[in-house]
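Numbering (the working numbering), first residue to last: 2 to 201.
Structure, as structure tokens:
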């Protein structure tokens, strides 16, 4: 019982603390509302556990054998994060292209997990702390399930929080400043990626 309680707390804290996914869902909830943001929400809730499964069941072998893959992934991640920051900064701009003002799709959100530095850190952290060599498959599946449950709760919190801000940030100018702030925070999250070494 203590194992499950510790795992639940670890995954919940990891998921609910600010990071790229949280900031993007917060902005999406404000700009598009909950209904239009559901594909984005589900992309994170399902895409991240799938990534945890891949890491848990052996993708680290590829990184250990071919370290350059990590460097390519890091480079793509940095470029994509900056693109997302730019997209968020323009999401409330009525003059921006319709493609820029669209909420993220399920696939975009799911693929982003592979480029999200926080996702890698918390995935590896949970697997290192809570996987058991004697019951490896069961323990990895337990971590995956825990992340699905707590991640769904955490992402719902940030999405709902964004939606609730609509009543507070009800002018176009306020929404613009909010989006620029979220975009700047997302862009700043690139800094840790630049200085990290392979974590697998």
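Quick reminder that beta carbons are idealized off the backbone N, C-alpha and C, glycines included.
This one's a predicted model, so the numbers in the text were calculated from it and none came from an experiment.
At a Cβ-Cβ threshold of 9 angstroms, residue 162 and residue 27 count as neighbours.
Between residue 184 and residue 150, the alpha-carbon positions lie close to 28 angstroms from each other. Between the alpha carbons of residue 112 and residue 48 lies a gap of roughly 7 angstroms.
The shortest C-alpha to C-alpha distance from residue 31 to any of 79, 188, 7 and 173 is the one to 173. The straight-line gap separating the alpha-carbon atoms of residue 68 and residue 5 is approximately 34 angstroms. Distance check between residue 192 and each of 91, 76, 12 and 18 places 76 closest, using alpha-carbon atoms only. Setting aside the 5 residues that flank it on each side, residue 127 is surrounded in the same chain by 8, 11, 12, 15, 53, 144, 147 and 148, each with a C-beta closer than 8 angstroms to its C-beta; the list follows chain order. Scanning its chain for C-beta atoms nearer than 6 angstroms, with the 5 sequence neighbours on each side dropped, one finds around residue 123 the residues 15, in chain order.
In the structure shown, the three-state DSSP call for residue 151 is helix. Judged by beta-carbon spacing, residue 177 lies beyond the 9 angstroms limit of residue 22, meaning their Cβ atoms are not closer than that value. The shortest CA-to-CA distance from residue 160 to any of 137, 189, 79 and 34 is the one to 34.
It is roughly 11 angstroms from the alpha-carbon of residue 74 to the alpha-carbon of residue 121. With respect to residue 105, residue 44 sits close: the two C-beta atoms are nearer than 9 angstroms. Cβ neighbours of residue 50 within its own chain (closer than 6 angstroms, five residues either side excluded): 145, 148 and 149.
Spanning the alpha carbons of residue 158 and residue 42 requires a straight line of approximately 11 angstroms.
Where residue 38 is concerned, the enclosing alpha helix (DSSP H) starts and stops at 21 to 55.
For residue 37, the closest C-alpha among the options 55, 87, 79 and 107 is that of 107. Within the stretch 158 to 197, the complete alpha helix (DSSP H) segments of 4 residues or longer fall at 173 to 189 and 191 to 196, listed in chain order. Residue 121: member of the alpha helix (DSSP H) spanning 118 to 131, first to last residue.
With 16 or more neighbouring CB atoms inside 10 Å of its own CB, residue 179 falls in the buried class.
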